[in-house]
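Asks: One structure, pasted below without further comment.
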């Protein structure tokens, strides 16, 4: 063999880099393979399948991956996993006593050794991510054409995930430089990467408990345009500040582009297109995290240069990281304990403190194997406890004014609020309502909290603020007492400076909830009433095709009287009704002093124009029906409407059956029912009570649970009771539902207030 | 030349070695001895820049070792705990070291591997402990370092291989003027191989002599008397490790043996003899090892 001397000028660092590249290539190949499946392969399969269905380009602008929300999640997991794996491959040498001896004694500067291996790993990660994305982009371009949305999205997604990989990899490298064992490197790295999630998520949940009005416990809600909005709490709001979420939250909307009905490209959602137009992505978070990685890398170089190689193989050698890890775990334990015991705040904090101290103690003991050494750090443990407790105290005291914040009217562009009950939603809000009374899309009847209305006038904004201030005042009360009810009230301000302020109240008393009803005394509500009556969207209100049924308060089979009106009379009735409804006060609408005279039921005529048969059709208050066939309760304050009927000699239609035809009246307390199954446990706030006929009680779901007792059969007593029984009343959880049974077996539900109920009703034991 | 100046190394609160100073000239083989845990490995690792000293410095030809590629590319440490790349054979390790040691020569590598009868393509994990040690030595010598640090490198070698290694090292030093430091417990081998011996005891360098100086630094005196003589009779005579066997006494002395013999005459010995001490005896003397009375350990 010929003599071959190595070149004395050979770059040792370059050799180290190449050696590290070879060492990590297998793992990089594995990573690439998984991404090839997730990205280009799945894209190809998807597009081939979609192409067979035709009109591919009518649906997509580009596709980098399918099921973008889910895909982002898998990409996140794979990227974190393989970044850590490559970190292990590149830097495990410093965690082994034997390997340390060799590497540390070799003729290469420590910084050069570290950086050569660091950059080798970074290059492998970058290629592993970029190549599959590039292939996916190529495939998309071939099928759907190359466009600016594809190119920007491709670049953005690649940069985002490369940035994520860089962060995870660099954190591992830095941690490895400061500890002695591989297990510490992995665990501490995961703790550091996960720490923002622990803190943001934990504080978010704790804030939602401690800070009255904090919306962090909500995940989504509907805005007044019917769009689903994410709250995400601190976790969502600070997604760009969290190394584990910035790539996921940013990129998931850009993994596919859809063609909207308006022809504009749309962003992606979890499982399909969103309504948001495609816009050029914001690279700032990804670039900032790349910069952060660079800073951490510089720190790592410095740590490695000063590393004591003798710590290799020894647990607990990195004191700073020990304390940091213990603090993160201890804080998480504190927050978790608090959340479990949240109903007893003081006890929760005490037990949480003990849990935190114990956690820190145990972790440090495991790492250092010396109780004495751990006890010597007691002052640090207490300092850590004080810091977390201070945060909790800030939250308890109102979060530096967060709970009490009420923006000035002048600063508000518009306000939105959720509904606590039927009749408080302005018509034609974004939530598909077409009923003049409104169709409740608020918390009480839907699973998803929803805002409605854009209250823009100063008066309306003041109305919302007035409601809001009522809730703010409750913040100092003990809301856990039985005096307060579960509820779901959302208030959102969009300020003139572009910021939004969202508040969510999940407990309130009746006074606050009643205050919410005052939103009907607003310019927007009146404006929407006008629109509902005149826009023509509600067919039943159209004088050409609609008819009106006058219903008297008895609500039996003989109570329904379809009116024969000319178009002019129909229009005149509408005008009168609109004027009365617009003029109604909150009390008149929800808490009328006297029972309704009757009701007016607007509906569409039969196809040939003839009136519909009434028979025993239910007049119920199922919002779905009310949306198309609005029902208005005629009360004494509606003078214009009553005048119309008087003028047209129709008042007799509202005369109810004599009391002799009533067989009995039974009662059921209208107590607040908490967490009724019908309302998914979100609201215990009793909705309006309206009469329903037997046979369709299922339409008024709340009534399924009503059990009537204490029947009154004496006719004198019945006659005395009837004038106080309301057809329409906002119960507030007091008073009694009444079941009126007629001789013919017909049953009708009404309501009597607590004050109007006789002693025999009030003092009966209904249990 | 290697200069070790005032090296102190601590591990936490434990001082492993303290204020150690010595020099190893080019072309010299220096033996480092000491009891288990004395600090030999610590010292060698500090010299190789694996450990950073708490105080002091290590210079090679006047240049500091610390984070100095130019120096370290010509310094090779053969540690006691051997490290090989996972799943590697000697060929892979040779390629690995060739990246970091510009002086590494593949022809030397193959010749040495042949000399030791080692299969270079076989996985090192399949080698015996002794073979692994031979492999590491081969790799170290193939790097052609100017400074070679061998930590317990004779351990696990059979007598034939020991002889080969000794010859190799001697030849290498003769041909390349390399400085070699060997740590070992085998004082017989060191006395044959080394030019100079350093003894670490009590965290410091207790002795630092050439082999010849060390041999002459002490001697053993044996004397026969007409009656039994206890140690008190010898109080005026500088001595250590006094032994009495009836009328025969023996002791060691660091003083001039002729002077001591003359002093003994006053006690009228029947016979006085002088013997040079072996390195082992010097080692044991210096360590002041306690003689344990093990009788009854296993029966009582």
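Chains as they are written, first to last, in our numbering: chain X, 1 to 767; chain F, 1001 to 1300.
Ideal Cβ positions, reconstructed from N, Cα and C, are used throughout, including at glycine.
Note that this is a predicted model, so its numbers are computed, not measured.
#1: DSSP puts residue 750(X) in a beta bridge; with which residues?
#2: Could you please give the first and the last residue of the uninterrupted alpha helix (DSSP H) stretch that includes residue 14(X)?
#3: Which chain X residues are close to residue 1051(F), counting only those with a beta carbon under 7 Å from its beta carbon?
#4: Which two residues bound the contiguous beta strand (DSSP E) that contains residue 454(X)?
#5: Using the three-state DSSP reduction, which class does residue 1056(F) fall into: helix, strand or coil?
#6: At least one CB of chain F closer than 8 Å to the CB of residue 106(X): is that the case?
#7: How far does the alpha helix (DSSP H) with residue 1160(F) in it reach, from first residue to last?
#8: Would you kindly work out how many angstroms separate the C-alpha atoms of residue 667(X) and residue 521(X), rounded to a whole number?
#9: Who are the near neighbours of residue 209(X) in its chain, counting only those whose CB is closer than 6 Å to its CB and skipping five residues on each side?
#10: List the residues that DSSP assigns as beta-bridge partners of residue 1276(F).
#11: According to the Cβ coordinates, are residue 273(X) and residue 260(X) closer than 8 Å?
#12: Helix, strand or coil for residue 435(X) per DSSP?
#13: Would you mind telling me which residues of chain X sit closer than 8 Å to residue 1013(F), beta carbon to beta carbon, in chain order?
#14: When we look at the beta-carbon of residue 1133(F) and count the other beta-carbons within 10 Å, is it buried (16 or more) or exposed?
#15: May I ask you to report which of helix, strand or coil DSSP gives residue 276(X)?
#16: Using the C-alpha atoms, what's the distance from residue 450(X) back to residue 417(X)?
#17: Let me know if residue 45(X) comes out buried or exposed under the rule of 16 or more other beta-carbons within 10 Å of its beta-carbon.
#18: Of all Cβ atoms in chain X, is any one closer than 8 Å to the Cβ of residue 1096(F)?
#19: Between residue 1115(F) and chain X, is there a C-beta pair that is closer than 8 Å?
#20: Three-state secondary structure (DSSP) at residue 388(X)?
#21: Give the residues of chain F in contact with residue 109(X), contact being defined as C-beta atoms less than 7 Å apart.
#22: Note down, in chain order, all residues in the region 75-105 of chain X with a beta-carbon under 7 Å from any beta-carbon belonging to chain F.
#23: List, in order along the chain, the chain X residues whose C-beta lies closer than 9 Å to that of residue 1073(F)?
#24: From residue 831(X) to residue 395(X), what distance separates their C-alpha atoms?
#25: Less than 8 Å between the CB atoms is what I'm expecting for residue 1286(F) and residue 1199(F), so what's the real figure, rounded?
#26: Which value, in whole angstroms, describes the spacing of the CA atoms of residue 1064(F) and residue 1074(F)?
#27: Taking just the CA atoms, how far does residue 534(X) sit from residue 445(X)?
#28: Which one of 1264(F), 1020(F) and 1058(F) has the shortest CA to CA distance from residue 1001(F)?
#29: Of the residues 1156(F), 1018(F) and 1271(F), which one's Cα is nearest the Cα of residue 1039(F)?
#30: So, residue 1223(F) versus residue 1257(F), is the Cβ gap smaller than 8 Å?
#31: List the endpoints of the continuous alpha helix (DSSP H) containing residue 251(X).
#32: Residues of chain X with a CB under 7 Å from the CB of residue 1048(F): which are they?
#33: Ordered along the chain, which non-local residues of its own chain (more than five positions away) have a Cβ less than 6 Å from that of residue 253(X)?
#34: Comparing alpha-carbon positions, which option in 30(X), 55(X) and 94(X) lies nearest residue 79(X)?
#35: List the endpoints of the continuous alpha helix (DSSP H) containing residue 196(X).
#36: Note down the Cα distance separating residue 758(X) from residue 587(X), rounded to an integer number of angstroms.
Replies: Concretely, from the data shown:
#1: Stepping through the first chain from its first residue, residue 750(X) is reached at position 750. In the DSSP output, where bridge partners are listed per residue, residue 750(X) has 738(X).
#2: Counting from one through the first chain, the residue named residue 14(X) turns up at place 14. Taken as a continuous stretch (DSSP letters only), the alpha helix (DSSP H) holding residue 14(X) covers 12-36.
#3: One-based indexing of the second chain puts residue 1051(F) at position 51. For residue 1051(F), the C-beta contacts it makes with chain X under 7 Å involve 309 and 310, in order along the chain.
#4: Counting from one through the first chain, the residue named residue 454(X) turns up at place 454. Under the DSSP assignment, residue 454(X) falls in the beta strand (DSSP E) whose first and last residues are 451-455.
#5: Reading the second chain from its first residue, position 56 is the one you call residue 1056(F). Reduced to three states, the DSSP call for residue 1056(F) is strand.
#6: Residue 106(X) sits at position 106 when you count from the first residue of the first chain. At least one chain F Cβ lies under 8 Å of residue 106(X).
#7: What you label residue 1160(F) is simply residue 160 of the second chain in a count that begins at 1. For residue 1160(F), the enclosing alpha helix (DSSP H) has its first and last residue at 1159-1176.
#8: Your numbering for residue 667(X) matches position 667 in the first chain. Your numbering for residue 521(X) matches position 521 in the first chain. Their Cα atoms are separated by approximately 33 Å.
#9: Residue mapping note: residue 209(X) aligns to position 209 of the first chain, counting from 1. Excluding sequence neighbours, residue 209(X) sits near 342.
#10: For this step, residue 1276(F) is matched to residue 276 along the second chain. In DSSP, residue 1276(F) forms a bridge with 1219(F).
#11: Within the first chain, residue 273(X) is the residue found at index 273, counting from 1. Within the first chain, residue 260(X) is the residue found at index 260, counting from 1. The Cβ atoms of residue 273(X) and residue 260(X) sit closer than 8 Å to each other.
#12: Here residue 435(X) refers to the residue found at position 435 when the first chain is read from its first residue. In this predicted model, residue 435(X) has a pLDDT of only 42, less than 50, meaning its place in the structure is not dependable enough to derive any value.
#13: Looking up residue 1013(F) in the second chain gives position 13. Result: empty, since nearest Cβ-Cβ is about 11 Å, beyond 8 Å.
#14: Walking along the second chain from the start, residue 1133(F) turns up at place 133. Looking at its Cβ environment, which holds 16 or more other Cβ atoms inside 10 Å, residue 1133(F) is buried.
#15: Start at 1 with the first residue of the first chain, and residue 276(X) comes out as number 276. Here residue 276(X) sits in strand by DSSP.
#16: Sequence index remark: in the first chain, residue 417(X) carries index 417 (1-based). Sequence index remark: in the first chain, residue 450(X) carries index 450 (1-based). Going by the C-alpha atoms only, they are around 8 Å apart.
#17: Your numbering for residue 45(X) matches position 45 in the first chain. Under this definition residue 45(X) is an exposed residue.
#18: Residue 1096(F) sits at position 96 when you count from the first residue of the second chain. Yes, residue 1096(F) lies at the interface with chain X (some Cβ there is under 8 Å from its Cβ).
#19: As a first step, residue 1115(F) is located in the second chain; it is residue number 115 there, counting from the start. Closer than 8 Å: no.
#20: Reading the first chain from its first residue, position 388 is the one you call residue 388(X). Helix at residue 388(X).
#21: Looking up residue 109(X) in the first chain gives position 109. Neighbours of residue 109(X) on chain F, chain order: 1067 and 1069.
#22: Taking 7 Å as the Cβ-Cβ cut-off against chain F, the residues of the region 75-105 of chain X that qualify are 97, 98, 99, 100, 101, 102, 104 and 105.
#23: What you label residue 1073(F) is simply residue 73 of the second chain in a count that begins at 1. Neighbours of residue 1073(F) across chain X, judged by C-beta separation under 9 Å: 8, 12, 106, 107 and 108.
#24: The requested residue 831(X) is not part of the displayed model; chain X covers only 1 to 767.
#25: For the purposes of this step, residue 1286(F) is taken as residue 286 along the second chain, with counting starting at 1. For the purposes of this step, residue 1199(F) is taken as residue 199 along the second chain, with counting starting at 1. So it is a contact: roughly 6 Å between Cβ atoms.
#26: Reading the second chain from its first residue, position 64 is the one you call residue 1064(F). Reading the second chain from its first residue, position 74 is the one you call residue 1074(F). One C-alpha to the other measures close to 13 Å.
#27: Working through the first chain from its first residue, we reach residue 445(X) at position 445. Working through the first chain from its first residue, we reach residue 534(X) at position 534. With a pLDDT of 35 at residue 445(X), under the threshold of 50, the modelled position of that residue is not reliable, and the figure given next carries that caveat. Taking the straight line joining both Cα atoms gives about 27 Å.
#28: Residue numbering aside, residue 1001(F) sits at position 1 when the second chain is read from its first letter. Checked all of 1264(F), 1020(F) and 1058(F); the closest Cα to residue 1001(F) is 1058(F).
#29: Position 39 of the second chain, counted from the start, is the residue given in the question as residue 1039(F). Nearest C-alpha to residue 1039(F): 1018(F).
#30: Position 223 of the second chain, counting from 1, holds the residue named residue 1223(F). Position 257 of the second chain, counting from 1, holds the residue named residue 1257(F). Going by beta carbons, residue 1223(F) and residue 1257(F) fall outside the 8 Å limit.
#31: The count along the first chain starts at 1 and reaches residue 251(X) at position 251. Counted as a single uninterrupted DSSP element, the alpha helix (DSSP H) harbouring residue 251(X) occupies residues 246-251.
#32: Residue numbering aside, residue 1048(F) sits at position 48 when the second chain is read from its first letter. Result: 105.
#33: Against the first chain, residue 253(X) aligns to sequence position 253. Sequence-distant Cβ neighbours of residue 253(X) in its own chain, meaning closer than 6 Å and more than five residues away, are 267 and 268.
#34: Counting from 1 along the first chain, the entry for residue 79(X) is found at position 79. For the options 30(X), 55(X) and 94(X), the alpha carbon positioned closest to that of residue 79(X) is the one of 30(X).
#35: Position 196 of the first chain, counted from the first residue, corresponds to residue 196(X). Per DSSP, residue 196(X) belongs to the alpha helix (DSSP H) from 182-210.
#36: Along the first chain, one-based indexing puts residue 758(X) at 758. Along the first chain, one-based indexing puts residue 587(X) at 587. Looking at the two C-alpha atoms, the distance is approximately 23 Å.
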